[in-house]
Amino acid sequence: MPEPGPALLAPAWVPRAAAVVGTSGDPPKGAVYIGDIGAGTRPYEVVNGVAVIGVSGVIVPTYWYIGSPYVTGCNGLRLQLAMAFEDPSVRAIALVVNSGGGLVSGIADLADWITEAKAAAGKPVVAILAEFAYSAAYWLASAADSISVPRTGGVGSIGVIMVHWDLSAALKEVGIKATIIAAGDRKADGNSYEPLPDEVRDRWQAECEDIRRLFASSVARYRSAAGASLDTDSVLASQARTWEGPAGTAEAVTSGFADAVLAPDQAFRALLDTLTT
């Protein structure tokens, strides 16, 4: 069972993320090991001058394979983007996103880096949602110059979640007692073998709120730079809601959390049109 920690996930994705982060195994078919990427190779497809880079599954700080539909590592995504920014055959980048979010670590720095690197390279980056971009995935998508979402997709969940598992009652029922030996008053804070103390809960709640404010201010800054009328207070006022389905995605555009309701192929053609005009 994964240790508790703040995460940037849509609620429905919490069990899925726990399963992915808590297990290991062989990479999916088609995934490329980062160490095998040599000179002259591209860890992305280039279509009519557009580098197509996927952001799929659970987003984690480090994952040593690129192209998995289940896990995206911030390290691999940054490598792909850095190579695309320097690639003379690439005129623009399409982030094709289909993710319910992931872990906190690495997201804020990667999103800030995307905004700086695309400006330095002079290459537009668009976020084309294959279906949805929630929480950590939305944080990354908001760093793009535009966000398109299909009418059956969704965006949002600008918030933070943390889960504490209190196993003490279950262990007592089966006759198991854990003895915790720790040096340092805070060393065993939040362990799963005892009820969560109020003081620890309050501290974790404050940490989550601090991250949510950073998330909201980043979204407001990125989206304002893209021409949307959003400020930090209006992002916080969303209270981590999601906009999904035909009515929800239309409202997301009206509210400034997305730019267009388009199927992925339509969004890609629209990007190509901007490159030929």
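Those letters in the sequence shown? Residues 17 to 293, by the numbering used here.
For glycine and all other residues, C-beta sits at the position ideal for the given N, C-alpha and C.
Item	Value
Terminal residues of the beta strand (DSSP E) in which I68 lies	Rather than Ile, the amino acid found at residue 68 in this sequence is Val. Per DSSP, V68 belongs to the beta strand (DSSP E) from V66 to V76.
Distance CB(V141)-CB(I109) smaller than 8 Å	yes
Close Cβ partners of A124 (< 7 Å) along its chain, the five nearest in sequence each way excluded	L230 and S234
Rounded separation between L156 and D226 - CA only	18 Å
The alpha helix (DSSP H) enclosing A153, as first and last residue numbers	A152 to S158
Neighbourhood of S151 by C-beta distance below 6 Å, restricted to the same chain and skipping five residues each side	L24, L25, A26, G117 and S173
Within 8 Å, strictly: CB atoms of I75 and V48	no
Through-space distance from A98 to I133, alpha-carbon basis	Going by the sequence as given, residue 133 is Ala instead of Ile. Looking at the two C-alpha atoms, the distance is approximately 8 Å.
Three-state secondary structure assigned by DSSP to I192	coil
Among S121, N207 and L93, nearest to A198 - alpha-carbon criterion	N207
Whole-angstrom distance between R202 and A67, CA atom to CA atom	47 Å
Reduced DSSP secondary structure (H/G/I, E/B, other) of N91	helix
The alpha helix (DSSP H) enclosing W259, as first and last residue numbers	W259 -> not in any alpha helix (DSSP H); beta strand (DSSP E) instead, spanning T258 to E260.
Any 3 or more C-beta pairs closer than 8 Å across the stretch 53-70 and the stretch 278-290	yes
Exposure of P280, with buried meaning 16 or more beta-carbon neighbours within 10 Å	buried
Simplified DSSP assignment, three categories, for A47	coil
8 Å Cβ shell around V30 - same chain, five flanking residues per side excluded	A23, I177 and V179
Environment of T270 [buried if 16+ CB atoms lie within 10 Å]	exposed
Which listed residue (G200, E210 and D205) has its alpha carbon closest to that of A194	E210
Close-in-space but distant-in-sequence residues of the same chain around A53 (CB under 7 Å, 5 per side omitted)	The amino acid occupying residue 53 in the given sequence is Ile; Ala does not appear at that position. The residues are P59.
Nonlocal neighbours in the same chain, by C-beta distance under 8 Å from G261, ignoring five residues either side	R167, T168 and G170
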